Amino acid sequence: MGLTDDYPPLSYIDREGQRRGFEYDLADSLCRRLGRSCVWTFATQEKLLQGIRDGSLDLIFAQRLEPRQEGLLYSTPYYHSRAMCIGRPGGVGPGDAGARIGVYRGSVLEQRARGFWPGATIVTGSVGELIRRLQRGEIDVLFINDLAGYAFLLTDQGQEFDRLDVPFDAETKVTGSRVAVRTDRRDLLDAVNRALKALLYSGELHNRSRNYFQYIIY
Numbered sequence: 002m003g004l005t006d007d008y009p010p011l012s013y014i015d016r017e018g019q020r021r022g023f024e025y026d027l028a029d030s031l032c033r034r035l036g037r038s039c040v041w042t043f044a045t046q047e048k049l050l051q052g053i054r055d056g057s058l059d060l061i062f063a064q065r066l067e068p069r070q071e072g073l074l075y076s077t078p079y080y081h082s083r084a085m086c087i088g089r090p091g092g093v094g095p096g097d098a099g100a101r102i103g104v105y106r107g108s109v110l111e112q113r114a115r116g117f118w119p120g121a122t123i124v125t126g127s128v129g130e131l132i133r134r135l136q137r138g139e140i141d142v143l144f145i146n147d148l149a150g151y152a153f154l155l156t157d158q159g160q161e162f163d164r165l166d167v168p169f170d171a172e173t174k175v176t177g178s179r180v181a182v183r184t185d186r187r188d189l190l191d192a193v194n195r196a197l198k199a200l201l202y203s204g205e206l207h208n209r210s211r212n213y214f215q216y217i218i219y
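Residue numbering for the sequence shown is 2 to 219, as defined by the numbering used here.
This is the structure in structure tokens:
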């Protein structure tokens, strides 16, 4: 099972050195619902996609990819998020000349950023790395999903930043994150969808999310 790494609050290492995160907790619940013993791999989305294609991973938790990746099947969404831009109030915006925009490497938002702002410098990396670069002034704008974005803005480190008023098209505003499997594992996908449905209807998915988010994410 593959999950993203250094992507607070979805999957990250806390100050005590413990693995935490909504997706990590959800993956643990999913394993129990599937009745499986799971082995974890934490990596960038690019490496997760490589792992599922070469057979070293059976499933991955992945933000929606555009276009849909050939050779993969996708579950029903386990959360929905919106795109947002974070920067310093009154500072450089994504459409300004010379803007440096940070975006999660390999994500659908990386593809979108290159299309929206062709004149900008696009800087990719893990979410944790990009947040640190934003704080150090190495990038001007962080283009991110709002689950991770608002979680950062609520921290002490996020107080000097704010959401920038940037309009997006309807397709970019809302995206669903899903579990992906190979096309030859339809049986696994069906089992995952049944397990996700049970987690949603039992309230367990919502209870897990309340540890990290102050609003309903499904």
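Ideal placement from N, C-alpha and C gives every residue a C-beta, glycine not left out. If you're wondering where the values come from, they're calculated on a predicted model, not measured in any experiment.
Looking at the DSSP output, Asn146 shares a beta bridge with Ala84. Shown here for Ile61: same chain residues with a beta carbon closer than 6 Å to its own, the five before and five after excluded, namely Gly3, Leu49, Ile53, Ala181 in chain order. Taking the C-beta atoms as reference points, Gly129 is found nearer than 8 Å to Asp7. By the criterion of at least three beta-carbon pairs nearer than 8 Å, the region 137 to 146 is in contact with the region 96 to 112.
For Tyr213, no alpha helix (DSSP H) segment is defined, and its DSSP state is neither H nor E.
Residue nearest to Ala28 within the set Ser203, Met85, Gln46, Val193 is Val193 (criterion: CA-CA distance). The DSSP-derived three-state label of Ile53 is helix. In this structure, the CA atom of Gly159 is about 38 Å from the CA atom of Leu35. DSSP places Ile132 in the helix class (H, G or I) of the three-state scheme.
Under a 10 Å Cβ-count criterion, Arg115 is classified as exposed, with fewer than 16 other Cβ atoms of the shown protein chains found around its own Cβ.
Around the C-beta of Asp147, 16 or more other C-beta atoms lie within 10 Å, and the residue is accordingly described as buried. Using a Cβ distance threshold of 8 Å, Ile218 and Leu165 do not count as a contacting pair.
One alpha carbon belongs to Asp185, the other to Asn208, and they sit about 33 Å apart.
Separation of Ala196 and Leu31 (C-alpha to C-alpha, rounded to the nearest whole angstrom) is 6 Å. Taking C-beta separations shorter than 7 Å and ignoring five residues to either side along the sequence, the partners of Asp15 in its chain run Arg21, following chain order. Assignment of Gly159 by DSSP, reduced to helix, strand and coil, places it in the helix class.
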